[in-house]
Structure formats: structure tokens, C-alpha cells
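Chemist: Before I ask anything, let me first share the structure, which is written out below as C-alpha cells.
There are 2 protein chains.
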Amino acid sequence: MPDQDTASDAARFFTFFNEVGIVYQLASAMFEARLPPGILVSQFAVLNHLVRVRDGRTPLDLARAFQVPKTTMTHSLVVLEKHHLIRLAPNPRDGRSKCVWITDQGREFRQAAIESLTPDFSALAARFAVGQLDTMLPVLQHLRKEMDLQRDG
Amino acid sequence: MPDQDTASDAARFFTFFNEVGIVYQLASAMFEARLPPGILVSQFAVLNHLVRVRDGRTPLDLARAFQVPKTTMTHSLVVLEKHHLIRLAPNPRDGRSKCVWITDQGREFRQAAIESLTPDFSALAARFAVGQLDTMLPVLQHLRKEMDLQRDG
DNA sequence: GCGTTATGGTGCGATATCGTACTGTATGAT
DNA sequence: ATCATACAGTACGATATCGCACCATAACGC
């Protein structure tokens, strides 16, 4: 009964994404409580991406990576630049475009923000066995990759 | 070396939540593309909660469930009521408060929205083995519960 | 080269989210 | 009963997010 199967698949995806959304909300709230006023999780996420993945890319690359409209990314970058956490340089390869570079201050800010979360993570580790994350992480990464491919192609 | 351990725990939580955030973004984008204009994921999520968990509760209960400020929830409820997807009734137990009830139209809307996602889920199921979700779901739910408890207590 | 189309970024207006302050009702102490 | 305090919801202003229109440059066809 393939109809039954696809219905069941859909229900499982829906339930799963619903749960992911809740965990995201809770983690965001936890994180935002530690960030200094004026910097939001969305903006920190950009900073984090520049360190974890690569800086020097264009605003549009970042917008695509985060699945947000380019106007939203422009705004986030303006805020980060105002705080001297990134630097926007002209793109030598394309006169229409720019390159986004993280500053030393930006790296320090990211590091400090991550460290400020340590108490929260410690408290959570006392409630939840961290080893369980190791099982889920590669599966989540694989899921993300496939969703990315589906989006693009 | 307990310091090393807690640092490693923190790094694992951070990496994991980062991945959760990415999956959430991708799933939201996928979902929002199927919702009719005028209804956002945040508003649909409220509707979904009313069916999955319970309706008849107060706006503040919902705000706490979603970890959003009560003013944000007020706004979402106004939008949903404007579309006749919910009904706001006075709370017979408390003159300051209200009760949120989903309408028949709201239930139909939710069902139709979920069904509109079926093609996306089918395509994704062809790329990603759905059974892997079943392993992660209970762990995610457990993590969410512990994060909730940490937040409250 | 020149014109057409495509693309990166921004300006602008609309809605969403959030913090603060306020209103009205409930709760509790006396 | 009266008063002080706590609490649910709203009003309002600030920022975030988003869609649409526009500008400047790039890419392409000829």
C-alpha cells in the first residue's frame, strides 16, 4: 500500500520537523539570553558561519546559506558592520558585489559568546546524556545536506 | 580532566544546536512556500499546537509553550482570528484572561496545509531514509523536555 | 561594439517580533 | 472590607524580516 506508506512518511517528517522547531526555539531563547543587547541570534549566526565555513564570500552567498532573502542579509550585515564585527570590502571579481570579512573583534566576540554559554550547557549535560548527540549529529547533517540538494536542484 | 570534559560537552551542544538551527531554517522555508500568503509558519505553528496539544487554553499559556513574549502571541492570535481560524472567548475562570479555541475552519486549514506538504516530504523520503527519524525523535523529545525543565526550574 | 537579458545590492513600505509601560482584574494580608 | 501586590492582556514604539521595485554592473547574442 504505497499511499499508506507515503502518508506515514509525511506524518513522520512533519512530527520530526515540529520537534526540531521546538528545540530550536528553546536553544535560541537560551542563547539570546547570553548575547549582549543589540546582537541577536540571527546576527550571531552569520558571524559563526564566517568562522566555521569561510569568510570573504558575498552577501548573496550568505543569504543563500541561511535561506533568507537578500534584503534580510543586507540588514544583518549592516548591523554587524556597525558593531565592527565584520568588514565589507568591494569584490575584485565583480563590480556589483561585495566581500564579507570577519574582523579580529568579530572573532573575539564570537568566542566570548560561545564561552558565555558554557554554564547553560553544563547544566543541560547534567540532565541529558551528551553522548546521545553524537548519534544524532551525523544523521542531522545528512538530512540537512539532502534538503539543501532538494532545494537547489 | 573535568574541565576538558565540560568544554567538550559545550562544543558538542553548540555544534548540535547549530545543526538543528540549519534544519529548522530549511524546513521553515519548505513549509512557508506551501502556506497561502498572509499566514506564516509562526502562525500556523499556533494552529497546529491547538490541535496537537489542546485548545481552550489562554494566550499566555501559548506564549510560554512557544517561548515567545506575550505581545508576540497576542499579535499572532489577532491575525489568526482575523482569518477566522481561531476564536477568542472570555475566560470564565479569570476576568483578566481569554481562552483560545480553534474553529472548524481552522482545523480544515491546518489539515490542508499539512497535506500540501506531501509532495515535498515524498521527494525528501526518496533522498533520506525516513526510518532514521524514528531513532532521533524520542531523543529529541527527551532533550526538549529537559530543556523545558531547565528553563522553568 | 551595442543592445538585451541576467544578476548583486539597496531603497522603501508592510508585517512580525520584541521590550516597556499601562489598564483592569485577581489574590492575599490585615 | 480595604489595601497592596501579582498577574493577563493591550498600547505603543523600536528593530527585524520580507517582498517589490529600482539601479548599476555583468554576461551574452549578434
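Going line by line, the protein sequences match chains R and L. The opening residue of the first sequence carries number 1073 in the working numbering; numbering runs sequentially from there. The opening residue of the second sequence carries number 1073 in the working numbering; numbering runs sequentially from there. Even for Gly, the Cβ is constructed at its ideal location relative to N, Cα and C.
With a threshold of 16 other CB atoms inside 10 Å of the CB of glutamine 1183(L), please say whether the residue is buried or exposed.
Modeler: The residue in question, glutamine 1183(L), is exposed, as its Cβ has fewer than 16 Cβ neighbours within 10 Å.
Chemist: What residue does the beta strand (DSSP E) around alanine 1161(L) start on, and which one ends it?
Modeler: First-last of the beta strand (DSSP E) with alanine 1161(L): 1158-1162.
Chemist: For histidine 1214(L) and leucine 1215(R), what's the separation of their Cα atoms in angstroms?
Modeler: Rounded to the nearest angstrom, the two C-alpha atoms are 20 Å apart.
Chemist: Compare the C-beta of glycine 1143(R) with all C-beta atoms of chain L and state if any pair is closer than 8 Å.
Modeler: At residue 1143(R) the sequence reads threonine, which differs from the glycine that was named. By this cut-off, threonine 1143(R) is not an interface position.
Chemist: Are there 16 or more other CB atoms within 10 angstroms of the CB of alanine 1197(R), so buried, or fewer, so exposed?
Modeler: Buried, since its Cβ has 16 or more Cβ neighbours within 10 Å.
Chemist: Take proline 1141(L) and list the residues in its own chain whose beta-carbon comes closer than 7 Å to its own, dropping the five residues that flank it on each side.
Modeler: Excluding residues within five positions, the ones whose Cβ falls inside 7 Å are Ala1135.
Chemist: Which of the three DSSP states, helix, strand or coil, is assigned to valine 1172(R)?
Modeler: Residue state, collapsed to three classes: strand.
Chemist: In the segment 1084-1097 of chain R, which residues sit with their C-beta less than 8 Å from some C-beta in chain L, listed in chain order?
Modeler: Within the segment 1084-1097 of chain R, the qualifying residues are Arg1084, Phe1085, Phe1086, Thr1087, Phe1088, Phe1089, Asn1090, Glu1091, Val1092, Gly1093, Ile1094, Val1095, Tyr1096, Gln1097.
Chemist: Using CA coordinates, which residue listed in Glu1153(R), Asp1166(R), Tyr1096(R) is at the minimum distance from threonine 1229(R)?
Modeler: Only positions 1073 to 1225 of chain R appear in the structure, and residue 1229(R) is not among them; the question remains open.
Chemist: The alpha helix (DSSP H) with threonine 1144(R) in it runs from where to where?
Modeler: Run containing threonine 1144(R): 1142-1154, per the alpha helix (DSSP H) assignment.
Chemist: Counting pairs of beta carbons, one from the segment 1202-1211 of chain L and one from the segment 1146-1154 of chain L, are three or more of them closer than 8 Å?
Modeler: As far as the Cβ criterion goes, the segment 1202-1211 of chain L does not touch the segment 1146-1154 of chain L, which means the pair count is below three.
Chemist: So, is the C-beta of isoleucine 1174(R) closer than 8 Å to a C-beta in chain L?
Modeler: Not closer than 8 Å to any Cβ of chain L, the Cβ of isoleucine 1174(R) fails to qualify, so no.
Chemist: Which residues mark the beginning and the end of the alpha helix (DSSP H) in which arginine 1199(L) is found?
Modeler: From DSSP, the alpha helix (DSSP H) with arginine 1199(L) extends over 1190-1199.
Chemist: Can you check which of these residues, Asp1220(L), Leu1107(L), Leu1119(L), is closest to aspartate 1192(L) by C-alpha distance?
Modeler: Closest by alpha carbon: Leu1107(L).
Chemist: For isoleucine 1174(R) versus aspartate 1133(R), is the C-beta distance shorter than 8 Å?
Modeler: No, the pair does not count as a contact, with Cβ atoms beyond the cut-off.
Chemist: Between the segment 1202-1217 of chain L and chain R, which residues of the former have CB atoms less than 8 Å from a CB of the latter, in chain order?
Modeler: Per Cβ criterion, the list reads Val1202, Gln1204, Leu1205, Asp1206, Thr1207, Met1208, Leu1209, Val1211, Leu1212, Gln1213, His1214, Leu1215, Arg1216.
Chemist: Locate the alpha helix (DSSP H) running through valine 1113(L), then write down its first and last residues.
Modeler: Per DSSP, valine 1113(L) belongs to the alpha helix (DSSP H) from 1113-1124.
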